[in-house]
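Chains as they are written, first to last, in my numbering: chain A, 1088 to 1299; chain B, 342 to 557.
For every residue, glycine included, the Cβ atom is placed at its ideal position computed from N, Cα and C.
Below: the structure, in structure tokens.
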């Protein structure tokens, strides 16, 4: 079983004993022992995952790292967050997924307009199974709880990932005039309802929604 | 004279008469006292050959000499700074990572192409960091920069460390480095994983790796 641990806040160390993990292409910074790096097609499972990815722009270049020793991963000095999945599903923007245990299943899921506004395409990456996943965020991510009767609105550019039984819907923060006229810069938000956790980063990537 | 850390991105250096510090030109943030900054054409020490070596090697990051009496704050580009104390041992560092160092340290430019034959020659091309590296040795402090902070990985005789050339910052000790590859020929030409080449560091020492694959 691969062991995930943090070395500082920006480097993920994975101890491996002959097993494999999936990681974002090119994110290895160092390793000890014996490691092999192999590119995986698409990143999703199977041909269908690959084709959807081509069509949707939810392209995650993934490699399989297999070996014996410790492998260190980092991505452009972003913070690394560990998420332990026990059978639940994690939805995450492909850009924010750094590494997953080999036992986890990755695929794509359709997000519709929400994805458009968040500037990350119509699809998002889905991870499920039992094991560790590592997410990156620009600045330390905070985890916000969503429960019944307590919906949460998030800036599409600050959204990183979510788990649980959540519905997402695109909401406009202002009226019609705000949309076309002088916007407050916060015209669009993603509203989460249901039960679950949302990971938010203290930074905003450029989005279609943010431009309005 | 040791450097003191103000925070992760700023250091303070004390300057006394008769002693000097070399620093990357333009990295002075503030100073108190009577301190003079003069451009250093030969880039520290190493004489004319050292200078030519650096010119050829792209290791000619302009340095300045800092002399006088007072205290100087150094920082550059918001990068993380690590202070490394040398006690008679040797530090290898890429010139653009070198923020400041004690004038007492001996500075030379080392040709790395001679290590590991053809692969050694390829190293510079792959890492984009040239075939030369700056070597500092003696007694004193060195301030080194990295994007996103440092990880220190020990190198022991039975445990070499492989580092992504872009994430490599510096190493110290009795260490050999060579370019290695962990993929087959097919992967290199075709669908690469983006991890075709690594620097393999073996021997006895420490390697400093940054949490990023970005150049400074």
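- Non-local beta-carbon contacts of residue 1283/A in its own chain, meaning distances under 7 Å to residues more than five positions away in sequence, involve 1233, 1249, 1250, 1251, 1252 and 1253 in chain order.
- Residue 1103/A counts as buried, since no fewer than 16 other beta carbons sit within 10 angstroms of its beta carbon.
- Listed as beta-bridge partners of residue 351/B by DSSP are 348/B.
- The CB of residue 443/B never comes closer than 8 Å to any CB in chain A; the least such distance is about 27 Å.
- The C-alpha of residue 1153/A is placed about 43 Å away from the C-alpha of residue 443/B.
- Not a single C-beta of chain A is nearer than 8 Å to the C-beta of residue 412/B.
- Residue 1239/A holds the alpha-carbon nearest to the alpha-carbon of residue 1276/A among 1290/A, 1289/A, 1239/A and 1286/A.
- Within chain B, not a single residue places a beta-carbon under 9 Å from that of residue 1091/A; the smallest gap is close to 15 Å.
- For residue 509/B, the CB contacts under 6 Å within the same chain, skipping 5 residues up- and downstream, are 540 in chain order.
- Close to residue 1240/A, with beta-carbon spacing below 9 Å, lies no residue of chain B; the smallest spacing is near 31 Å.
- Residue-level contact check: residue 1103/A does not touch chain B, since none of the beta carbons of chain B fall below 8 Å from its beta carbon.
- The C-beta of residue 505/B comes closer than 8 Å to at least one C-beta of chain A.
- Interface with chain A (8 Å Cβ-Cβ cutoff): residue 351/B is excluded.
- The DSSP-derived three-state label of residue 1123/A is strand.
- Taking 8 Å as the cut-off, the beta carbon of residue 483/B is found no closer than this to the beta carbon of residue 422/B.
- Per DSSP, reduced to three states, the secondary structure at residue 371/B is strand.
- In the DSSP assignment, residue 1151/A falls within the beta strand (DSSP E) that extends over 1149-1160.
- With a threshold of 16 other beta carbon atoms within 10 Å, residue 515/B falls short and is exposed.
- For residue 1164/A, the residues of chain B that pass the 8 Å Cβ criterion are 488, 489, 490, 551, 552, 553 and 555, in the order they occur in the chain.
- Annotation: residue 1096/A to residue 1172/A spans about 20 Å, alpha carbon to alpha carbon.
- Interface with chain A (8 Å Cβ-Cβ cutoff): residue 508/B is included.
- Boundaries of the beta strand (DSSP E) harbouring residue 1232/A: 1229-1233, taken from the DSSP string.
- 1243/A is the residue among 1124/A, 1278/A and 1243/A whose C-alpha sits nearest the C-alpha of residue 1290/A.
- When 350/B, 518/B, 356/B and 504/B are compared, the shortest CA-CA separation from residue 375/B is found for 356/B.
- A distance below 8 Å separates the beta carbons of residue 1211/A and residue 1180/A.
- Looking at the DSSP output, residue 1224/A bridges to 1166/A.
- Against chain A, the CB of residue 520/B has no partner CB under 8 Å away; the residue lies outside that interface.
- Annotation: the stretch 1168-1198 of chain A contains the following complete segments of the beta strand (DSSP E) (minimum length 3 residues), in chain order: 1184-1188 and 1192-1197.
- Counting along the chain, residue 519/B sits inside the beta strand (DSSP E) bounded by residues 509-522.
- Residue-level contact check: residue 1279/A does not touch chain B, since none of the beta carbons of chain B fall below 8 Å from its beta carbon.
- When the Cα atoms are used, residue 437/B and residue 557/B turn out to be separated by approximately 7 Å.
- A straight-line Cα-Cα distance of about 42 Å links residue 418/B and residue 1237/A.
- Just so you know, the alpha carbons of residue 404/B and residue 1257/A end up roughly 53 Å apart.
- Judged by DSSP secondary structure, residue 446/B falls outside any beta strand (DSSP E); it is assigned neither H nor E.
- Along the stretch 1094-1127 of chain A, the positions whose C-beta sits under 7 Å from a C-beta of chain B are 1094, 1095, 1097, 1098, 1112, 1113, 1115, 1116, 1117, 1118, 1119, 1122, 1123, 1124, 1125 and 1126, read in chain order.
- With at least 16 other beta carbons inside 10 angstroms of its own, residue 501/B counts as buried.
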